[in-house]
Amino acid sequence: MRAFAVLAWESLRDALRRRLAISVALVLVLGVAAAQSCTQIGVGGVSIQGAPVEPRLLAGYVAPLLFGFQALAVLAMAGLVASDHLARPLAEGSAVLWLARPVSRAAFAGARLAGALVVTLGAGALLLGATSALLVVRQGVAIAPALAGCAATALGAVVVASLTMTASLVMGRTAVLLFVGLGLTFAAYANGVGLVSDLVHPDVEVGGLVGAMNRFGPPLFTAIAAAVSAWNPHVDAGDSWPHAMVRLAAWSVAGVALLLLRFRRREIES
Amino acid sequence: MVRCAAVFDLELASASKRYGRRHALSQVDLAVPRGASVGLLGANGAGKTTALRLLLGFAIPTRGAARLRGRDPFDPASRRGVGYLPERLRLPRAMTLARFLRVHGALAGLAGADLAREIESVTETTGVRDRLHEPVDGLSKGLAQRAGFAQALLGKPDVLLLDEPTSGLDPLGVRDARDWISAARARGATVLVSSHVLSEVERTCDQVVILREGRVAASGALGALVQPGESLEDAFVRAVRS
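Protein sequence lines correspond, in order, to chains G and U. Just remember that my numbering sits 963 ahead of the position in the first sequence, which is counted from 1. Just remember that my numbering sits 1494 ahead of the position in the second sequence, which is counted from 1.
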């Protein structure tokens, strides 16, 4: 446990020292600026064909969309930070010295994941926290869906980071970044199609690869959307948030287990 | 094969390692008893680094087994009290030498005043004490090698695994390295030195294993391997060409 704590602290320092931290900070600034701008919609009153739109109804569309995009940005950030946080010290050779100590492979990989996650979740908390605060203050939405959405994003970040780190053990950086980009896009698309289908035709299941991804893949976007859809008075998500969270938690455990298993007896260049 | 005691700190039992079609090691037997100092010699690509990788659990034998301090090298407990200096030393980025050594000391099980004392001692010994607050990745090759030695010697390890330990050191540094290895031997540490530099092995080790194309070509006590009137270099050439 002590070795894990020492390595996790070093992993966090390493993540903060990297140039990638600048990208994370940039996403953070842009995200907060977007939230600051978007939450002003409706402040002066919005009307369609001369008829004023009820602010609560407007907030019911603006808030979930804004929060959803910000949450997806946090998931992308998780993938970006994790993409070489374990692979880089292995490729550079500096990991050899740590691993020659009485350190288990699980402690090392777990510590690298923890460092990447602390940076991502810290940035995510700032971004989603600021967005939620602006939405609550300016749009008058409830805080509970935002908290549920943050929990879904945090679990989603664990899934994305652990799967990305596992992928980085078997493929190069460019391929890993493609894996993150395409994987996230496809998961969000499949979840989105599934949500729309559930709203429009609840008795019809989406088929093919998209349907399979939505049913069996990590419900990254479903869990977030289910949480913040409570802001929209026309949407009844029912109990889809707890269901999605249970699936997401299972995917988190599986993702971390896969990473530890893959790294357990991996050969290390020295 | 070097065998002279019942307790072995380092063991390879018919260990083979293949990378694709290339056999890096073929059925190598090695048993280094506690307190012995063994030189691992061989030409480039003879399998010296691969042998060390197997012993440290960085690679899995294709056949046979490796044991470090009587355990599977993948067991973290096997690496307790082990100091290692790799051939290609890559120090972490943007970390001061003091922090680098503190982290290694903590991972080696040292803490508090013991850790501070140990860092003071190894940096004094290896001549990098005035570099403690410099980033390790900015050190010159020779100083980096000294820093690498400092981390390997931290906590007075019972087993020292050194891969080309004098690489990058100037003549004074080479002489210092010899002294550090001799000091470790004097306090009873088991030492395995993989090197191209025969004269260094001759001065720091009492037993030698010569590898040729992944196989043990000769092994034994220095006195037994080197025949009267010849040098270790002659014995080495004879072993690798026979």
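Note that beta-carbon positions come from the ideal geometry of N, C-alpha and C, so glycine has one too. All figures in this text were calculated on a predicted structure; none of them were measured in a lab.
| Asked | Found |
| --- | --- |
| For LEU1655/U, the three-state DSSP class (helix, strand or coil) | strand |
| PHE1552/U: contacting residues in chain G (beta-carbon distance under 9 Å) | VAL1059, LEU1062, ALA1063, GLU1230, ILE1231, GLU1232, SER1233 |
| Classification of GLY1514/U by the beta-carbon crowding that lies within 10 angstroms, buried from 16 upward | exposed |
| Candidates ASP1523/U, GLY1536/U, ALA1571/U, PRO1580/U, of which the one nearest GLU1232/G by Cα | PRO1580/U |
| Reduced DSSP category for LEU1542/U - H, G, I as helix; E, B as strand; rest coil | A quick correction: the sequence has Lys, not Leu, at residue 1542/U. LYS1542/U: helix per DSSP, three-state reduction. |
| Beta-carbon proximity check, ALA1644/U vs VAL1622/U, cutoff 9 Å | yes |
| Exposed unless 16 or more other CB atoms sit within 10 angstroms - verdict on ARG980/G | exposed |
| Closest by C-alpha distance to ALA1093/G, when choosing among VAL1122/G, GLY1013/G, ARG1210/G, ALA1034/G | ALA1034/G |
| Whether ASP1047/G touches VAL1156/G by CB criterion (9 Å) | no |
| Per-residue contacts from GLY1073/G into chain U (C-beta, under 8 Å) | Correct list: empty, because the minimum Cβ distance to chain U is about 13 Å. |
| Cβ contact (3+ pairs, closer than 8 Å) linking the segment 1085-1105 of chain G and the segment 1586-1598 of chain U | no |
| Which of helix, strand or coil DSSP assigns to GLY1533/U | strand |
| ALA1184/G versus GLU1055/G: straight-line alpha-carbon distance, rounded | As written in the sequence, residue 1184/G is Phe, which differs from the Ala given in the question. Between PHE1184/G and GLU1055/G, the C-alpha separation is close to 35 Å. |
| Meets three-Cβ-pair contact criterion under 8 Å: the segment 1163-1176 of chain G and the segment 1184-1199 of chain G | no |
| Contact with chain G by HIS1598/U, beta-carbon distance below 9 Å | yes |
| N-terminal and C-terminal residue of the beta strand (DSSP E) that PRO1527/U is part of | 1516-1527 |
| Per-residue DSSP class, three states only, for LEU1049/G | coil |
| Cβ contact check for the segment 1546-1564 of chain U and the segment 1590-1610 of chain U: 3 or more pairs under 8 Å | no |
| Separation of GLU1628/U from CYS1498/U, as counted between CA atoms | Since pLDDT at CYS1498/U reaches only 45, below the 50 mark, its modelled position is unreliable, and the value read off the structure follows with that caveat. Taking the straight line joining both Cα atoms gives about 44 Å. |
| Strand pairing of GLU1505/U, partner residues [DSSP] | ALA1525/U, ARG1561/U |
| Local conformation of CYS1498/U per DSSP, three classes | Reliability fails at CYS1498/U, whose pLDDT of 45 lies under 50, so the model's placement of it is uncertain and the value that follows must be treated cautiously. The answer is coil: DSSP assigns CYS1498/U none of H, G, I, E or B. |
| C-beta neighbour in chain U for ASP977/G, strict 9 Å | yes |
| Proximity test, Cβ basis, 9 Å: ALA1138/G and chain U | no |
| Length of the line joining the Cα atoms of ALA1063/G and VAL1122/G | 29 Å |
| Strand pairing of LEU1705/U, partner residues [DSSP] | GLY1536/U, VAL1710/U |
| Alpha-carbon spacing of ASP1503/U relative to TYR1578/U, whole angstroms | 14 Å |
| Unbroken beta strand (DSSP E) run spanning THR1185/G, endpoints | No beta strand (DSSP E) holds THR1185/G; the alpha helix (DSSP H) holding it covers 1183-1191. |
| Extent of the continuous beta strand (DSSP E) run through VAL1104/G | Counting along the chain, VAL1104/G falls outside any beta strand (DSSP E), and DSSP gives it neither H nor E. |
| Outcome for GLU1696/U when other beta-carbon atoms lying within 10 angstroms are tallied against a minimum of 16 | buried |
| Contacts that GLN1645/U makes with chain G (C-beta to C-beta distance below 7 Å) | LEU1060 |
| Partners in chain G for LEU1585/U, counting only beta-carbon separations shorter than 7 Å | SER1057 |
| Spatial distance of GLU1230/G from THR1543/U (CA atoms) | 13 Å |
| Which of helix, strand or coil DSSP assigns to GLY1577/U | strand |
| Beta-carbon contacts of VAL1501/U that lie in its chain and below 8 Å, excluding the five residues immediately before and after | PRO1527, ARG1528, GLY1564 |
| Proximity to ALA1105/G [Cα-Cα], best of LEU1221/G, PHE1030/G, ARG1228/G, LEU1211/G | PHE1030/G |
| GLY1133/G, DSSP secondary structure in three states | The sequence given here places Val at residue 1133/G; Gly does not occur at that position. Reduced to three states, the DSSP call for VAL1133/G is coil. |
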